[in-house]
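A short write-up of the structure that comes next.
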Amino acid sequence: MLDNAGVTNVAWRSDDVLRINASAVRPYWTPDNGVDNATGVYNSPAVTSGVYESRSFVRLQDVSLSYKFGPSLLKQLKLEACQFYISAKNPYIWTKFSGWDPEVVGWNATDGNTNANTPLMRNITAGFRITF
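Anchor point for the sequence shown: position 62 equals 60 in the working numbering, and the numbering is continuous, going up by one each time.
Below, the structure is given as structure tokens:
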């Protein structure tokens, strides 16, 4: 079987927004070449099932932790109250999805592109609340 994966700059392909160089030679099915991830010689990989993958995930969305210092330490520091806190928004996601974030859909989602949009922002905040 001839591998055409390295053939590039053969033709222009429109991706509905930008014009990019892409391979004009696609793997296609023939009786001698039984590829199972293409539907025809002219189909872009974007319309084959090869780009679909599970976007299942579990996201740790909001986590907070705080600690109030005890009266003996407060007395030594001459404070009325002191509290340490830390919180995180979207600190971790468990997924087998190969893109940035399974909830992000790019502007050209037909080709499985998620790189056009950034994933949800991670935010970590830490600090002290001190009352004199």
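Don't be surprised by glycine CBs; every beta carbon is placed ideally from N, CA and C.
- Under the 10 Å beta carbon count, P69 is surrounded by fewer than 16 other beta carbons and is classified as exposed.
- Residue V61 holds the alpha-carbon nearest to the alpha-carbon of R120 among V61, K94, F95, R53.
- The straight-line gap separating the alpha-carbon atoms of P117 and D99 is approximately 5 Å.
- In the three-state reduction of the DSSP assignment, P89 falls in the strand class, which pools E and B.
- In this structure I84 is not in contact with R57, their Cβ atoms being roughly 19 Å apart against a cut-off of 8 Å.
- Considering only P89, C80, F95, D30, the residue with the shortest C-alpha distance to S54 is F95.
- In the DSSP assignment, L75 falls outside any beta strand (DSSP E) and within the unbroken alpha helix (DSSP H) covering 69 to 75.
- Residue Q59 holds the alpha-carbon nearest to the alpha-carbon of A86 among G125, Y50, Q59.
- Residue pairing by DSSP leaves R120 without any beta bridge partner.
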